[in-house]
Structures are given as structure tokens and as C-alpha cells.
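Numbering (the working numbering), first residue to last: 758 to 849.
The beta carbon of each residue, even a glycine, is placed where N, CA and C say it ideally should be.
Step one of this worksheet: look at the structure below.
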Amino acid sequence: MMVLVECDVHPGIGNIDASVVVRDTANVRTFLQIDRDFPTNRKGQSYLPVGLIYRDKEKGVALIELAVEADSGTHRLWVPVSSLLETNGTIK
């Protein structure tokens, strides 16, 4: 299932890429270099499309899969459920 995760977007090195930051459940920042057209804006916030692997509503966390490998080499992150939006814009 595809969802959107809250992120921060910064200019990348070149003209076509962007540096994106996604925060995990411990507020640790994970950096990705992606095409700058990939993130989307909803309600004044930037979001990145990701795959939803697992959601634990009781603990308020979700395991997501990134579209590209992060700078750290990771492909999956545990994030707060509150940082997710469904692709139609509703909060998870």
C-alpha cells in the first residue's frame, strides 16, 4: 500500500535533485537524494510517497519502505503513524 510520509525538502547538489529528510520514531533524521519532483505538498507540508509495510495502531508506529536507498543504506524505517497521510490526503 502506498502512503505519504512527512518530510523536509532541501535543495540538492544538482538542478534536478533534492535532499529529503524523513524522521523516525526516535526523531533521528534519515537523508535521501531524490528527483526534486518526487515529494508532494499537502496542507503546507512536504510529503514523500513510500510503501506501508506494517502499521501498529496500539503503539502508534508504522514500518515504511523508501523508494530509494537512504544515504545511510537503509530501505525501511519505523515512523510515527502521525507522520503519515493516505494518498487521498486523510490522516492514518
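Item	Value
Residue span of the beta strand (DSSP E) that contains VAL843, given as start and end	Reading off the sequence, residue 843 comes out as Glu, not Val. Counting along the chain, the beta strand (DSSP E) containing GLU843 begins and ends at 841 to 843.
Top-ranked residue by Cα proximity to PHE795, from TRP835, VAL836, VAL777	VAL777
LEU823 and LEU809 closer than 9 Å at C-beta	no
Three-state class that DSSP yields for VAL785 in the structure shown	coil
First and last residue of the uninterrupted beta strand (DSSP E) at THR797	797 to 799
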